[in-house]
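**Q** What the sequence shown shows, in the working numbering, is residues 90 to 605, in sequence order. Ideal Cβ positions, reconstructed from N, Cα and C, are used throughout, including at glycine. Since this is a predicted model, take the numbers as computed values, not measurements.
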Amino acid sequence: MSVEQYTTAAYDYGDLEGGKILKTKGIAKELGKGVPPNNIEVEQLVLGALILERDAFPLVGEILTPDCFYDTKNRYVFEAIRQLALEEKPIDAQTVVEQLKLMDKLSVTNGLVYVAELASLVNSTAHLEFHARLLFDKKIQRDLISFGNDVIGNAFDETIPITDTMQDAEQQLFEITQGTDSNEVVPIGDIVPKIIQKMNDLASGTADAHGVPSGFPEIDEITFGWHPSDLVIIAARPAMGKTAFVLSMARNIAVEHKTPVAIFSLEMSEDQLANRLVVNHTEIPNDDIKRGNLTPQQMATLEQRIGTLEQAPLYIDDTAGLSVFDLRSKARRLVRQNGVKVVIIDYLQLMTASGIKSNANREQEVSTVSRSLKQLAKELNITVIALSQLNRGVENRPKEGKRPQLSDLRESGAIEQDADMVCFLHRPEYYGIMEDEEGRSMKGMAEFIIAKHRNGRVDTVLLRFIDTIIKFASSQGMHFAQNGTTFDSKMNHPSTSMTQEQDPLASDAPNTGFTI
Numbered sequence: 090m091s092v093e094q095y096t097t098a099a100y101d102y103g104d105l106e107g108g109k110i111l112k113t114k115g116i117a118k119e120l121g122k123g124v125p126p127n128n129i130e131v132e133q134l135v136l137g138a139l140i141l142e143r144d145a146f147p148l149v150g151e152i153l154t155p156d157c158f159y160d161t162k163n164r165y166v167f168e169a170i171r172q173l174a175l176e177e178k179p180i181d182a183q184t185v186v187e188q189l190k191l192m193d194k195l196s197v198t199n200g201l202v203y204v205a206e207l208a209s210l211v212n213s214t215a216h217l218e219f220h221a222r223l224l225f226d227k228k229i230q231r232d233l234i235s236f237g238n239d240v241i242g243n244a245f246d247e248t249i250p251i252t253d254t255m256q257d258a259e260q261q262l263f264e265i266t267q268g269t270d271s272n273e274v275v276p277i278g279d280i281v282p283k284i285i286q287k288m289n290d291l292a293s294g295t296a297d298a299h300g301v302p303s304g305f306p307e308i309d310e311i312t313f314g315w316h317p318s319d320l321v322i323i324a325a326r327p328a329m330g331k332t333a334f335v336l337s338m339a340r341n342i343a344v345e346h347k348t349p350v351a352i353f354s355l356e357m358s359e360d361q362l363a364n365r366l367v368v369n370h371t372e373i374p375n376d377d378i379k380r381g382n383l384t385p386q387q388m389a390t391l392e393q394r395i396g397t398l399e400q401a402p403l404y405i406d407d408t409a410g411l412s413v414f415d416l417r418s419k420a421r422r423l424v425r426q427n428g429v430k431v432v433i434i435d436y437l438q439l440m441t442a443s444g445i446k447s448n449a450n451r452e453q454e455v456s457t458v459s460r461s462l463k464q465l466a467k468e469l470n471i472t473v474i475a476l477s478q479l480n481r482g483v484e485n486r487p488k489e490g491k492r493p494q495l496s497d498l499r500e501s502g503a504i505e506q507d508a509d510m511v512c513f514l515h516r517p518e519y520y521g522i523m524e525d526e527e528g529r530s531m532k533g534m535a536e537f538i539i540a541k542h543r544n545g546r547v548d549t550v551l552l553r554f555i556d557t558i559i560k561f562a563s564s565q566g567m568h569f570a571q572n573g574t575t576f577d578s579k580m581n582h583p584s585t586s587m588t589q590e591q592d593p594l595a596s597d598a599p600n601t602g603f604t605i
């Protein structure tokens with residue numbers, strides 16, 4: 090059989106529910122494998138248990154679908170049982186037969202005789218969940234066979250662009266892998282002892298309450314570091330320094346704290362990122378590095394400091410148009426092989442969603458990406474930090490009102506919903522605001538605004554932005570000049586809890602003893 094005949098035959102199947110099964114039968118025949126993976130006996134045991142015990146369906150309702158049943162009769166019987174369960178009707182041999190009549194499938198299943206036979210095969214539901222998972226595994230095997238056949242057929246079809254073939258393959262495999270993700274329900278009694286043990290460990294000093302430090306003390310005082318399973322969104326308008334901030338933070342994490350971190354840049358090349366990191370780490374002005382015209386002192390500094398950057402556990406990927414599926418694969422490998430604890434994405438709106446319908450709009454795609462990033466953080470038990478653009482609404486406000494708000498998140502409210510933290514970068518100086526409300530200089534300063542914090546308070550801190558080396562740094566210990574006078578500052582010390590609307594530079598801040 091030719092490739093064209095082979096792929097055409099593989100697609101020539103009838104009913105929708107059994108389509109993949111008929112397809113894999115044809116593939117198995119051509120490969121000389123007899124029949125695709127299946128276990129008819131276990132299918133019958135599962136159906137018999139569901140008919141025997143009316144309350145058994147919830148045990149397997151989240152595991153099984155009709156496609157899990159290879160045999161046509163068994164598939165229709167399961168559909169009948171599932172429909173009865175959805176309608177909260179009694180499930181027994183007679184009601185299943187009546188439902189098959191309504192579905193016009195009674196003759197296909199041999200009616201009451203076969204259903205009664207199924208019920209007689211078992212006398213207990215003790216192994217029902219185990220048997221259901223066996224059927225689910227067989228179904229995944231058949232899905233992979235079908236997926237492989239589609240890839241082969243499309244790859245041989247020279248009328249299909251290779252990018253379309255790869256995208257289709259990615260989407261299909263993503264759908265299969267998504268279907269394998271499941272979490273077991275855990276009773277509170279199994280969780281509380283872990284919490285108590287953690288509290289005891291913290292009290293005894295054998296455990297640390299902090300996550301991965303950002304390297305900015307004023308941020309870590311609020312967040313206690315970046316925590317596993319969290320999705321953190323850092324958003325700003327263009328030119329606020331989003332990339333500069335995460336590169337400064339990545340350097341802090343990898344160099345100062347020796348914690349593995351990965352950066353996925355969809356906008357800048359690895360050479361551009363490396364150049365930024367060299368400037369950031371050595372603190373040699375960017376213009377001097379780009380010209381290559383270094384003084385002897387600068388060259389000595391470069392040679393002295395570059396070694397620690399080269400040895401840092403910092404990993405860069407500059408794949409353009411990175412998809413969620415590709416990110417997931419690469420992140421898994423980085424976590425497994427290199428122990429990566431933090432994944433940074435620059436930036437969210439440039440990613441493409443896997444497994445999304447072709448007619449979906451941009452907002453739906455961004456929502457899918459956002460949700461997938463949160464799932465990735467939970468699955469790998471890492472922190473995912475994603476940069477995000479803000480909409481143009483910020484620019485339309487007067488300069489005094491350009492501080493970002495949650496409503497400014499671009500293209501999707503789902504970003505706010507999915508994120509554990511939403512933070513904004515804001516540089517008043519960029520908008521010509523050179524002093525705050527109390528006359529303190531904002532030159533070279535940036536606000537890091539924590540607008541949403543699922544597990545803590547919201548607050549705003551000041552950071553330094555050093556434009557000559559494209560670097561963010563802590564503002565702790567700084568002295569803010571104001572006509573030679575001194576006054577109290579709320580900055581650079583643990584601040585009290587506040588709402589999003591409160592001004593961190595308010596004049597009623599407590600006396601800290603700092604000279605301003």
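Please report the residue range of the alpha helix (DSSP H) in which His-370 lies.
**A** Start and end: 359-371.
**Q** Within 10 angstroms of its Cβ, does Val-301 collect 16 or more other Cβ (buried), or is it exposed?
**A** That one is buried.
**Q** Can you look up Lys-541 in the DSSP assignment and give me helix, strand or coil?
**A** Strand.
**Q** Kindly indicate which three-state DSSP category Ile-434 falls into: helix, strand or coil?
**A** Three-state result, Ile-434: strand.
**Q** Using only CA atoms, which one of Phe-146, Thr-161 and Thr-154 lies nearest to Asp-181?
**A** Selected option, being the one with the closest Cα: Phe-146.
**Q** What does the alpha-carbon distance come out to for the pair Pro-374 and Val-483?
**A** Spanning the two alpha carbons is a distance of roughly 31 Å.
**Q** What are the partner residues of Ile-405, as DSSP defines its beta bridges?
**A** According to DSSP, which records beta bridges pairwise, Ile-405 is partnered with Ile-352.
**Q** Would Asn-128 pass as a contact of Leu-233 if the rule is Cβ separation under 8 Å?
**A** No.
**Q** Classify Met-388 as helix, strand or coil using the three-state DSSP reduction.
**A** In the structure shown, Met-388 sits in a helix (DSSP, three-state: H, G or I).
**Q** Comparing C-alpha positions only, which one of Ser-412, Glu-505, Pro-402 and Ala-325 sits nearest to Phe-537?
**A** Of the candidates Ser-412, Glu-505, Pro-402 and Ala-325, the one whose C-alpha sits nearest the C-alpha of Phe-537 is Ala-325.
**Q** Is the beta carbon of Gly-304 less than 8 Å from the beta carbon of Arg-516?
**A** No, the pair does not count as a contact, with Cβ atoms beyond the cut-off.
**Q** DSSP on Phe-198, reduced to helix/strand/coil?
**A** Reading the sequence as shown, one finds Thr at residue 198 and not Phe. Coil at Thr-198, not helix or strand.
**Q** Do the region 364-378 and the region 545-562 touch if we need at least three Cβ pairs shorter than 8 Å?
**A** Touching, per the Cβ criterion.
**Q** Taking C-beta to C-beta, are Val-321 and Asp-509 nearer than 8 Å?
**A** Yes, they are a contact pair.
**Q** The ligand FMN heavy atoms versus the CB of Met-338: any closer than 7 Å?
**A** Among the components of this structure there are no ligands whatsoever, and the ligand FMN is therefore not found.
**Q** Buried or exposed: Met-523, going by 16 or more other Cβ atoms within 10 Å of its Cβ?
**A** Under this definition Met-523 is an exposed residue.
**Q** At which residues does the beta strand (DSSP E) containing Gln-478 begin and terminate?
**A** Taken as a continuous stretch (DSSP letters only), the beta strand (DSSP E) holding Gln-478 covers 472-478.
**Q** Excluding sequence positions up to five away, which residues of its chain have a Cβ less than 6 Å from the Cβ of Ala-401?
**A** Here the set comprises Ala-343 and Val-344.
**Q** Suppose you measure from the CA of Phe-313 to the CA of Ile-471; what does that come to, to the nearest Å?
**A** Their Cα atoms are separated by approximately 15 Å.
**Q** If you run the structure through DSSP and keep just helix, strand and coil, what is Ser-412?
**A** It is a strand residue.
**Q** Since Lys-541 and Glu-505 should fall inside the 8 Å C-beta cutoff, what is the C-beta to C-beta distance between them, to a whole number of angstroms?
**A** Rounded, the Cβ-Cβ distance is 6 Å, consistent with contact.
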